[in-house]
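Here the UniProt record's numbering is used: the sequence shown runs in plain steps of one and ends on residue 313.
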Amino acid sequence: MIRVKPINYSHPSLQKHQPDQEADMNSTVPENYLRAVQKYSHCKFMGYRTGLACNVKQTVDQYQFITYEESMQYVAQITQQLLNKGLNKGDRVVIYAKNSPLWLLSDIAISFAGGVSVPIYDTLGIENIVYCCNLTEAAFVIVSTDYLANIVSNLKKFEHLKQIIALEKYDQDALTQQVNKLLLNDGKVFDDTRSLYSMNSNNSQSIQGPSEEIIETTQNQMVITDKLSYLQFEDNTNQLEYLNNIVKNNQLTSDDVNSVIFSSGTSGKPKGVILSHKNVLGCMKCACRQIVPYRYQSELIICIVISSSSPYL
Numbered sequence: 001m002i003r004v005k006p007i008n009y010s011h012p013s014l015q016k017h018q019p020d021q022e023a024d025m026n027s028t029v030p031e032n033y034l035r036a037v038q039k040y041s042h043c044k045f046m047g048y049r050t051g052l053a054c055n056v057k058q059t060v061d062q063y064q065f066i067t068y069e070e071s072m073q074y075v076a077q078i079t080q081q082l083l084n085k086g087l088n089k090g091d092r093v094v095i096y097a098k099n100s101p102l103w104l105l106s107d108i109a110i111s112f113a114g115g116v117s118v119p120i121y122d123t124l125g126i127e128n129i130v131y132c133c134n135l136t137e138a139a140f141v142i143v144s145t146d147y148l149a150n151i152v153s154n155l156k157k158f159e160h161l162k163q164i165i166a167l168e169k170y171d172q173d174a175l176t177q178q179v180n181k182l183l184l185n186d187g188k189v190f191d192d193t194r195s196l197y198s199m200n201s202n203n204s205q206s207i208q209g210p211s212e213e214i215i216e217t218t219q220n221q222m223v224i225t226d227k228l229s230y231l232q233f234e235d236n237t238n239q240l241e242y243l244n245n246i247v248k249n250n251q252l253t254s255d256d257v258n259s260v261i262f263s264s265g266t267s268g269k270p271k272g273v274i275l276s277h278k279n280v281l282g283c284m285k286c287a288c289r290q291i292v293p294y295r296y297q298s299e300l301i302i303c304i305v306i307s308s309s310s311p312y313l
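See below:
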């Protein structure tokens with residue numbers, strides 16, 4: 001027999017489980033997020049040590065934190081940039097990046113913009129990345145700079161792609177160099193030693209890179225048509241009114257599709273599952289009941305692969 005120790009609510013920092021602390025199942029992800037922002041505006045939202053985009057070059061010793069209110073500034077600006085790029089209600093937006101604060105903030109922003117987030121494992125390989133994008137008819141890809149060249153070098157394979165947005169500013173020369181290397185091997189990652197001179201004394205010639213025509217075509221597709229951009233942030237005043245207006249204008253319902261999540265693809269092609277706003281909030285509701293009683297000052301470390309689970313937990 002398993003004996004469960006009853007919870008002691010006598011400590012002042014503990015809050016008894018209250019129904020109004022849970023998500024309204026008839027609401028949407030954006031509405032629930034705004035509710036949390038207004039209730040916990042100055043509480044810590046998340047912490048990070050490697051920058052907002054998880055760049056190892058930006059690693060620091062101490063965790064940096066942003067509050068719920070500060071997170072709203074990022075969400076509002078990402079939402080605005082998505083809408084300015086022509087995102088329409090129901091458009092699928094693939095997130096192809098490692099776990100990071102901007103991953104989560106972008107996912108929330110996609111919901112505000114009326115889009116459908118399609119998070120995919122960054123370990124799938126470019127063939128499966130293309131497969132997931134084409135299967136969901138993704139119009140947008142939000143990608144970390146580490147993987148940007150993978151998308152650019154395989155641009156012709158994406159059937160519905162309109163915009164590529166990098167999580168942070170990228171170096172154009174470095175990107176071009178990486179793309180050229182990938183084009184040399186038909187868009188696949190290859191052994192970098194191929195760029196060296198042959199060790200055969202009778203054939204000491206360098207391996208030729210992709211033709212100028214291929215390079216120019218790829219660059220024209222990306223740059224001239226303005227398909228490639230990166231997230232930019234400014235210090236703005238409170239964006240609560242802006243996001244509230246966005247929610248009203250989009251008229252999302254709890255039954256609208258919020259996201260499509262894929263399996264890891266270890267047993268064949270990745271399998272997708274469609275989740276509504278109600279599905280996501282239901283998942284969150286169940287998970288939150290596992291950490292009752294709530295503490296206003298608690299810090300919770302969550303170890304999850306957010307591409308295959310609800311990041312709103």
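Every residue, glycine too, gets a C-beta built ideally from N, C-alpha and C.
Worksheet item: What residue does the beta strand (DSSP E) around I120 start on, and which one ends it?
Response: Position 120 of the sequence shown holds residue 120. Taken as a continuous stretch (DSSP letters only), I120 belongs to no beta strand (DSSP E), as it is neither H nor E.
Worksheet item: For Y68 versus F45, is the C-beta distance shorter than 7 Å?
Response: Against the sequence shown, residue 68 aligns to sequence position 68. Against the sequence shown, residue 45 aligns to sequence position 45. Taking 7 Å as the Cβ cut-off, Y68 and F45 qualify as a contacting pair.
Worksheet item: Out of L102, E31, V75 and R92, which has the shortest C-alpha to C-alpha gap to T50?
Response: One-based indexing of the sequence shown puts residue 50 at position 50. Considering only alpha carbons, the answer is L102.
Discussion item. In the DSSP output, what is A166 paired with across the bridge?
Written reply: Start at 1 with the first residue of the sequence shown, and residue 166 comes out as number 166. A166 is bridged to V143 and Y230.
Worksheet entry | Residue closest to N154, alpha-carbon to alpha-carbon, out of Y170, E168, D173 and N128 | Counted from its first residue, the sequence shown places residue 154 at position 154. Nearest to N154 by alpha-carbon distance, out of Y170, E168, D173 and N128, is N128.
Worksheet item: Which stretch, first to last residue, makes up the alpha helix (DSSP H) that contains F112?
Response: Here the question's residue 112 lines up with position 112 in the sequence shown. DSSP places F112 in the uninterrupted alpha helix (DSSP H) bounded by P101 to F112.
Worksheet item: Between the segment 129-136 and the segment 265-274, do three or more beta carbon pairs fall short of 8 Å?
Response: Between the segment 129-136 and the segment 265-274 there are three or more C-beta pairs closer than 8 Å, enough to call the two in contact.
Worksheet item: Below 8 Å, can you find three or more Cβ-Cβ pairs linking the segment 73-82 to the segment 108-123?
Response: With the cut-off at 8 Å, the segment 73-82 and the segment 108-123 touch.
Discussion item. Classify N150: buried if its beta carbon has 16 or more other beta carbons within 10 angstroms, exposed otherwise.
Written reply: The residue you call residue 150 lines up with position 150 of the sequence shown. Residue environment: N150 is assigned as buried (16 or more neighbouring CB atoms within 10 Å of its CB, all protein chains considered).
Fill in: Rounded straight-line distance, which links the Cα of K157 to that of Q221
Locating residue 221 in the sequence shown gives position 221, where the first residue counts as 1. Locating residue 157 in the sequence shown gives position 157, where the first residue counts as 1. Because Q221 sits at a pLDDT of 48, beneath the cut-off of 50, its placement in the model cannot be relied upon, and the point is left open.
Discussion item. As an exercise, report each continuous beta strand (DSSP E) stretch of at least 3 residues that is fully enclosed by the segment 60-92, in chain order.
Written reply: Listed in chain order, they are 64-67.
Worksheet item: Between L148 and A166, is the Cβ-Cβ spacing less than 7 Å?
Response: Along the sequence shown, one-based indexing puts residue 148 at 148. Along the sequence shown, one-based indexing puts residue 166 at 166. Yes. Within cutoff.
Worksheet item: Roughly how many angstroms separate the alpha carbons of L182 and N245, rounded to a whole number?
Response: On the sequence shown, residue 182 is found 182 positions in, with the first residue counted as 1. On the sequence shown, residue 245 is found 245 positions in, with the first residue counted as 1. Rounded to whole angstroms, the gap between the alpha carbons of L182 and N245 is 43 Å.
Worksheet item: Quick one: what's got a C-beta closer than 6 Å to Q219's C-beta in the same chain, skipping five residues either side?
Response: Here residue 219 refers to the residue found at position 219 when the sequence shown is read from its first residue. Bear in mind that a pLDDT of 48 at Q219, under 50, signals an unreliable position, so the model cannot answer this.
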